[in-house]
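Visitor: Can you keep this structure in mind? I'll have questions shortly.
Protein chains: 4
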Amino acid sequence: MNKNRLEAFSDGVLAIVITIMVLEIKVPHGDKWSDLQILTPVFLSYVLSFIYIGIYWNNHHHMMHTATKISGKVLWANLHLLFWLSMIPFSTGWMGENNFGAAPMALYGVVLFMSAVAYKILQTTLLRCQGQNSILAKAVGNDKKGLISPLLYLMAIASTWVHPMIAGVIYVLVALMWLIPDLRIEKIIEADKTA
Amino acid sequence: MNKNRLEAFSDGVLAIVITIMVLEIKVPHGDKWSDLQILTPVFLSYVLSFIYIGIYWNNHHHMMHTATKISGKVLWANLHLLFWLSMIPFSTGWMGENNFGAAPMALYGVVLFMSAVAYKILQTTLLRCQGQNSILAKAVGNDKKGLISPLLYLMAIASTWVHPMIAGVIYVLVALMWLIPDLRIEKIIEADKTA
Amino acid sequence: MNKNRLEAFSDGVLAIVITIMVLEIKVPHGDKWSDLQILTPVFLSYVLSFIYIGIYWNNHHHMMHTATKISGKVLWANLHLLFWLSMIPFSTGWMGENNFGAAPMALYGVVLFMSAVAYKILQTTLLRCQGQNSILAKAVGNDKKGLISPLLYLMAIASTWVHPMIAGVIYVLVALMWLIPDLRIEKIIEADKTA
Amino acid sequence: MNKNRLEAFSDGVLAIVITIMVLEIKVPHGDKWSDLQILTPVFLSYVLSFIYIGIYWNNHHHMMHTATKISGKVLWANLHLLFWLSMIPFSTGWMGENNFGAAPMALYGVVLFMSAVAYKILQTTLLRCQGQNSILAKAVGNDKKGLISPLLYLMAIASTWVHPMIAGVIYVLVALMWLIPDLRIEKIIEADKTA
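Below is the structure:
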């Protein structure tokens, strides 16, 4: 069993998921700048979800790169992850069209939480498939961010009962937590090499 | 003739088919949890169809993996399969939006039946192309599930005259029949290797 | 310059073109079989266009397979072909929703004609790139079907002034002209090998 | 880290971006040629945006082809480019549906400007990753067009205060500036080889 088609299929689904969210940004009928104003929450939701799908694609890319074997279980664990990620456009749309209301904000957290859980399941399934001394096992190490993120999503979901914007802040912070070190770690590795 | 582009094109079509079904889950105008309730049948239909496309993608992946030669006939048999699978989003949408009515449930069965027949045709065409002693011939063996499934779909179609939910139960059972052993067989193979 | 990405990009565009036509088959609100009746022309248009895109994909696959070199001009000739093929969903939709009226039937012919011309330009550009003694040059030979098809499309366009269904019959015949020998030629080659 | 999946994912996103613009060309209800007339600006916008995405795809193809190493920063710089290109369908739709009004014309320029900036960032990130003596560094050379284009987009945005069509003319000229020499340079290289 080779991993090429799994990667190709995942790339296809993620490319579509990241792009169809754009269809949710409906072209306004007026032709003034002010006609775009009502699209602000839809646009901001799109940016956030684009970054999240980007993070998942990047992590998926790195994880699969180190994997040498895949199994039928890996295929299904991967489909399970794609299922939850395919829910992101819908929850993004609901969040954006309702100006970040409490229920849509909570649902967005539920989808992010389920995606994080599905990613963890995929990681575990892949690890079992490779053996404990594999490069993947070393690369994963003690995956702190992968454990903290779902907890933060749960907190965000709970926080919508107080105020939906708390959840919004948490979602942005989690995204930055993944995005920034991603860029910083590279720097350290590079610095390490030239040292 | 190489099989890479056939796989890439099939992956593309299946990735789109599995993802555009999400567009059928229309964002509700209200922002309460109760506004999501009417989407329950649409969501359940989506889950079922997602699993079916997943099963087809998995089986397609395995079958093509063992194939060493393809012909013009294989290309068309493959397009024929993709045609019926491309009908799944429409029939899923009709089923979901009409709360699992009799006619939509029957149409869903017709599409599943035609997809199963198309898969069988593709398998036969591929087998002829590889020769009887090929790995594929051995891998297919006596493909019981591939023969029982279409019969169960026909039963499901007929059952909609009595009650549409009988068909629903059959569709779920067939999906589980493919999904569960898929995961179990891997276990046996693994156990076999370590023994 | 390698041809892999050109093939991958073309596969992506064609996979999307062939699949988004399905979005034109709008889910009816009623849940009776009779509610599907009005979709008959839309469905028939979809089948015809699916076959046409399938033919283009197959021919593109074969042509590119023999090509060893590509140039910037080939990339643009390919994009030009994809442009006209991307017009097929729109013209299919117009044709299907208007029950095969004269103008939609003629427009469908125009799109098919332009696609055929674009394919010819791509072929010529590729040939110039490979040299006259290439495998591609031999494979193309005297491409009768590639020359007759555009003439038949022009005839079809003209015929819509008499009756739009004449054009419909021509479109079906041209599709069969490409589809059937495709399957037959393979047979001859196979017979030739075993002889 | 390999560049194959980055290319595959970018191809997927660009293929979808170039194709979903077609969904903006809504099928008219009437079946007369005159019913298509109101679609003229939408169609012209589509042609222009198709060419722009084509230019980006071509340039992306060439740039990535010479790259030998990629980093996490490259992945994000690439996603950043894809983000702005994914805004093209929306701004194309707004421009087309409002008959090239001032604000939509300016927004189109903003999206093109941001895409050009994002491309430049990707180029710089890639260059840093390859080292100054790489093939990419030589291929980029003094990238005049890459520097003039964003300036022209800014001029176009400003010109919409005078008349939106000035911007339209600039967008067409920039597209031709990229399209025509692309084809001409190939000719010179070919002539050079045969000399």
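Line by line, the protein sequences are chains A, C, E and G.
Under my numbering, the first residue of the first sequence carries the number -17, and numbering increases by one thereafter.
Under my numbering, the first residue of the second sequence carries the number -17, and numbering increases by one thereafter.
Under my numbering, the first residue of the third sequence carries the number -17, and numbering increases by one thereafter.
Under my numbering, the first residue of the fourth sequence carries the number -17, and numbering increases by one thereafter.
For glycine and all other residues, C-beta sits at the position ideal for the given N, C-alpha and C.
(1) Is the CB-CB distance between Leu64 (chain A) and Tyr153 (chain A) below 8 Å?
(2) Expressed to the nearest angstrom, what Euclidean distance is found between the alpha-carbon atoms of Ser68 (chain C) and Val(-1) (chain C)?
(3) Does the segment 140 to 147 of chain C come close enough to the segment 140 to 158 of chain E that 3 or more CB-CB pairs lie under 8 Å?
(4) Applying a beta-carbon distance threshold of less than 7 Å, which residues of chain G neighbour Asn40 (chain E)?
(5) From the beta carbon of Leu95 (chain G), is the nearest beta carbon of chain A less than 8 Å away?
(6) How big is the Cα-Cα spacing for Leu57 (chain G) and Ala100 (chain G)?
(7) Along chain A, which residues have their Cβ under 9 Å away from the Cβ of Leu(-12) (chain C)?
(8) Is it buried or exposed for Thr107 (chain E), if we count other Cβ within 10 angstroms and need 16 for buried?
(9) Out of E:Ser97, E:Leu118, E:Met3, which has the shortest C-alpha to C-alpha gap to Leu136 (chain E)?
(10) In terms of residue numbering, what span does the alpha helix (DSSP H) encompassing Met45 (chain A) cover?
(11) Need the endpoints of the alpha helix (DSSP H) that Asn60 (chain E) sits in, please.
(12) Roughly how many whole angstroms lie between the Cα atoms of Phe72 (chain A) and Lys127 (chain A)?
(13) May I have the straight-line CA-CA distance separating Lys55 (chain C) from Leu18 (chain G), to the nearest angstrom?
(14) Please say whether Glu6 (chain C) and Val(-5) (chain C) have beta carbons closer to each other than 8 Å?
(15) Taking the continuous alpha helix (DSSP H) assigned at Thr106 (chain G), which residues delimit it?
(16) Are Val9 (chain A) and Glu(-11) (chain G) touching if we call contact CB-CB under 8 Å?
(17) Taking Cβ-Cβ distances below 8 Å as the criterion, which residues of the segment -1 to 11 of chain C are in contact with chain A?
(18) With DSSP run on the structure shown, which of helix, strand or coil describes Val156 (chain E)?
(19) Looking at the structure shown, is Thr74 (chain E) part of a helix, part of a strand, or coil, going by DSSP?
(20) Please state whether DSSP places Thr1 (chain C) in a helix, a strand or coil.
(21) What did DSSP end up calling Ile7 (chain A) once you bin it into helix, strand or coil?
(22) What residue from A:Lys102, A:Thr1, A:Asn41 has the CA that sits closest to Pro132 (chain A)'s CA?
(23) For Trp15 (chain C) and chain A, any beta-carbon pair shorter than 8 Å?
(24) Buried or exposed, going by whether 16 or more other CB atoms sit within 10 Å of the CB of Ser16 (chain A)?
(25) Going along chain C, which residues have a C-beta under 9 Å from Ala157 (chain E)?
(26) Listing by chain order, which chain E residues have their CB less than 9 Å from the CB of Ala138 (chain C)?
(27) Would you check if the distance between the CB atom of Met45 (chain E) and the CB atom of Gln112 (chain E) is smaller than 8 Å?
(28) Please state the DSSP three-state secondary structure of Trp15 (chain C).
(29) Please list the partners that Leu61 (chain A) has in chain C, where partner means a Cβ-to-Cβ separation under 7 Å.
(30) When DSSP labels each residue in this structure, what does Asp125 (chain G) get in the three-state scheme?
(31) Rounded to the nearest angstrom, what separates Ala140 (chain A) and Leu61 (chain G) at their Cα positions?
(32) Using the C-alpha atoms, what's the distance from Phe32 (chain E) back to Met3 (chain E)?
(33) For His11 (chain A), is the classification buried or exposed, using 16 other Cβ atoms within 10 angstroms of its Cβ as the cut-off for buried?
(34) Relative to the C-alpha of Thr142 (chain G), which residue among A:Asp13, A:Asn(-16), A:Phe(-9) is closest?
Guide: The answer reads as follows:
(1) no
(2) 6 Å
(3) no
(4) What Asn40 (chain E) touches in chain G: nothing, since even the nearest Cβ is about 19 Å away.
(5) Note that residue 95 (chain G) is Phe in the sequence shown, not Leu. No, no contact with chain A.
(6) 12 Å
(7) Going along chain A, no residue has its Cβ under 9 Å from Leu(-12) (chain C), so there is no contact; the nearest lies around 11 Å.
(8) buried
(9) E:Ser97
(10) 22 to 48
(11) 54 to 68
(12) 26 Å
(13) 39 Å
(14) no
(15) 84 to 112
(16) no
(17) Ile0, Thr1, Ile2, Val4, Leu5, Ile7, Val9, Pro10, His11
(18) helix
(19) helix
(20) helix
(21) coil
(22) A:Lys102
(23) yes
(24) exposed
(25) None at all; the shortest Cβ gap to chain C is about 12 Å.
(26) Correct list: empty, because the minimum Cβ distance to chain E is about 16 Å.
(27) no
(28) helix
(29) Gly36
(30) coil
(31) 31 Å
(32) 8 Å
(33) exposed
(34) A:Asp13
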